[in-house]
Amino acid sequence: MRISETITSLNILARNIWWTWNQDAREVFGELSSRTWQNVYHNPVAVLREISETELQTRLLDPNYFSKVNRVLVDFDNYMNPSDTWVSRQSSDLQGKSIAYFSAEFGLHETLPIAAGGLGVLAGDHIKSASDLGLEFNGITLFYREGYFQQSINQENWQTEYYNQLNPKNLPMDPVLNKQGEPLVCNVDIASDTVYFRSWRINVGRCPLYLLDTNLPENKPHYRDLTLRVYGGDSTTRIQQEILLGVGGVKLLRALEIQPSVFHMNEGHAAFLSFELIKEKLNDGQLFEAAMKATKKECIFTTHTPVPAGHDRFGSELVQYALNRYEKYLNLSHEELMGLGRLNPDDTGETFCMTVLALNTSRSANGVSELHGSVSREMWEDKFKLPKEEVPIGHITNGIHLLGWMSGPARDFWQPKLGDAGVFYEQVNTSEFWAKTEDPDFVSDEELWALRYRLRRGLIDFTRNKLIDIPKAREGDFISYDQLLDADTLTIGFARRFATYKRAPLIFDKLDKVVKLAKDSEKPVQFIFAGKAHPADDEGKRFIQKIAHLSKQSEMAGQLVFIENYDIEIGRMLVGGCDVWLNNPRRPMEASGTSGMKTAAHGGLNCSIMDGWWREVFDGVNGFSIGDDSHPDDIEEQDRIDSENLFRVLSEEVIPTFYNRDANGIPRAWIKKIRRAMATIAPRYNTWRMVQEYSQKYYIS
Ligand SMILES: *Cc1c(COP(=O)(O)O)cnc(C)c1O
């Protein structure tokens, strides 16, 4: 390839986030300028804007760099034009069928902060795997110009929020154009207004993700800001965003002449898409009953919320205001339309629930773990007026996109054991590969322990750098950053949204005892926390305050760190570097949980309440359980018992096993657990398995 062609191809590569799961591709950009790479948050598009044409041409005169770039470009070309895929080989029923997947958030990479938490990360991992497996798959979401908030912790240890404006020009996204080459503009009806939107496209490997954006001069100012923030604003903003997502998404697909055979609602936020699908059929002359039936055949729904209070609900007046045109389009009275979102359609006192609408307008519904499926069937008994066992809600347990979550050192560790990048790529999700990790001839205890050290050291370096990044933390500090954390110490991590049911500070219920554990001179323990509380969640913010305070102004200082501004990058570092991944939600509130799945390939061990995915995989060896597979109904009782059990498992199992070393300093029993965790978790709790299950169970109708 000539240099000019290579430059063109590099620009195309930068605009396809395939690089989020290809380390060689990331290195090609990172190498151009390591400082810029850090500053622009690992964003190839922004790196290429920084590097002049002359510099790039000249750098490509270096034969080593040139051949590395070309190897990546060949890999990318092979990825984009595969001779066969899982769909073509094993799921030919899906060939020619396209799926439209609607989600209010997508977590794809730290440079695109358009997710609030696990729901979005799951959506991002879903579309990446759909691309890998060869599905015809279209993602739909909104372009949040200010994304989700950035977190900083003030002098009072209180979370404050600020927002950065995203500039599409500097991001791996392209405007969606019409046939004339102008931005394609569509519209939706909200209240009595016509609201216009344009769209952006993110190339996720072979699959497009469309982001709807109302920031257009045609719109009244308040509609221009409709897509400003993820879950921003009040319930009026919320219902309007959801109309845009559902109805607007369908309209965009039609404008692009994409005719999905399945519309997949990821959580109830997208359920208004069914209104548009019904309307289309009424306009074609069908009667309501028939249109409803046909719409139901096209839609599937994944629910993520195990408690009634967690489901979006809108009052009658708000629905009437926001959807008055849809009452006319669907030829329904206001109460009839409300009825589509009510457990009891005739109960005029009941609000409109998006989950009920989704259940009413989809042919199948599923929870995201076995227990969550069961909890959901029970929760919706009244709606279906069926005994629990007959409620038509199944389950598919969540997963993670393994390659996307594998840190650089872990990839460098595993790939040579499998051969070249191509073989690695083919096998990294298989049980054949991960079963080998239980074989000491395939990987020795010493190698695994060295990997753990390498990853733990990487996390400590990263954490120290992060804290130096935050100027405020310097005032009144009393430990130097190089004394913060220790590379020989058992490192326990906790990072996720600070929703109160996740009980981040549970371990500190027994503060004196934990301080004693942490400070043990032979067997010390250190903790790293990170996470954001929703801006309106004061209790979540108090949890952060408590932990941030302890990290600075208690005996825990130096052995407890709170990293500000949790995001995908911090997540990736933590799940790789921590020895133990702590998860102590109130059971059964953690519908699935996914962060613990990310640790397995790195040799981390889970220590978790028996909720969501963990109770399915825990076998007594592959990690640690806090309590057993049950819980009391009383919440205070549960908090008390769980806190006891957490302390017990830490002091009696986790710490002794970690520090039980042989003459060579190797913790053999611990490493046995690591091997079992790898063999049982990595090949199953990934999104290849998950998307295959969605395909077989729900996408092929
Ligand atoms: C994986 C992940 C989550 C989900 O974590 P849970 O423990 O399942 O809540 C949330 N946020 C980020 C950034 C993640 O990477």
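Taking my numbering, the leading residue of the sequence shown gets 1, the next gets one more, and so forth. Even glycine gets a Cβ: it sits at the ideal position worked out from N, Cα and C.
query	result
Could you please give the first and the last residue of the uninterrupted beta strand (DSSP E) stretch that includes L490?	L490 to A495
Buried or exposed for V428, going by 16 or more other Cβ atoms inside 10 Å?	buried
Does DSSP classify Y566 as helix, strand or coil?	coil
Taking 6 Å as the cut-off, is the beta-carbon of T594 closer than that to any non-hydrogen atom of ligand 1?	yes
Among R145, P221 and G249, which one has its Cα closest to the Cα of V185?	G249
State the Cα-Cα distance for the pair E693 and I396, rounded to the nearest angstrom.	7 Å
Do the CB positions of A421 and R456 come within less than 7 Å of each other?	no
Cβ of V121 versus every heavy atom of ligand 1: is any distance shorter than 6 Å?	yes
Would you check if there are 3 or more beta carbon pairs closer than 8 Å linking the region 446-464 to the region 665-672?	yes
Between G117 and ligand 1, is the CB less than 6 Å from at least one heavy atom?	yes
With DSSP as the reference, identify every bridge partner of H264, one or two as the case may be.	Y101 and I300
May I ask you to check if the CB of I609 is nearer than 6 Å to at least one heavy atom of ligand 1?	no
Looking at C-alpha atoms only, which residue of L371, R411, R342 and W405 is the closest neighbour of K383?	R342
Determine the burial state of Q483: buried for a count of at least 16 other Cβ atoms within 10 Å of its Cβ, exposed for fewer.	exposed
Give the DSSP-derived three-state secondary structure of Y698 in the structure shown.	helix
Quick one: what's A530 bridged to in DSSP?	A495 and I563
Would you report the Cα separation of H631 and M610, rounded to the nearest angstrom?	9 Å
Quick check: the region 118-132 against the region 180-194, are at least 3 beta-carbon pairs closer than 8 Å?	no
With 16 other CB atoms within 10 Å as the buried threshold, where does S83 fall?	exposed
Nearest by alpha-carbon distance to V617: which of Y566, S554 and A677 is it?	A677
I'd like the ranges of any alpha helix (DSSP H) spanning at least 4 consecutive residues and lying wholly in the region 281-365.	288-298, 316-322, 324-329, 334-339 and 354-360
Nearest CA to the CA of G367: which residue from F498, L403, M589 and E426?	M589
Can you tell me which of R2, S91 and D512 puts its alpha carbon nearest to the alpha carbon of S695?	S91
Could you check if R587 belongs to the surroundings of ligand 1, using beta carbon to heavy atom distance under 6 Å?	no
Quick check: does the Cβ of G315 come within less than 6 Å of any heavy atom belonging to ligand 1?	no
Classify V307: buried if its beta carbon has 16 or more other beta carbons within 10 angstroms, exposed otherwise.	exposed
Name the residue from M173, T20, D461 and R59 whose alpha carbon lies nearest to the alpha carbon of S131.	T20
Flag G134 as yes when its Cβ comes closer than 6 Å to any non-hydrogen atom of ligand 1, and as no otherwise.	no
When we look at the beta-carbon of N664 and count the other beta-carbons within 10 Å, is it buried (16 or more) or exposed?	exposed
Alpha carbon to alpha carbon, how far is Q159 from G118?	20 Å
If you run the structure through DSSP and keep just helix, strand and coil, what is D461?	helix
Since I believe Y79 is in contact with F137 (beta carbons under 8 Å), could you give me their beta-carbon distance rounded to a whole number of angstroms?	F137 to Y79, Cβ: 15 Å. No contact.
Is R496 near ligand 3, in the sense that its beta carbon is under 6 Å from a heavy atom of that ligand?	Among the ligands in the structure shown, ligand 3 does not appear; only ligand 1 can be found there.
Closer than 8 Å is the cut-off here; do at least three beta carbon pairs connect the region 103-113 with the region 57-73?	no
According to DSSP, S152 sits in a beta bridge with which residue or residues?	T160
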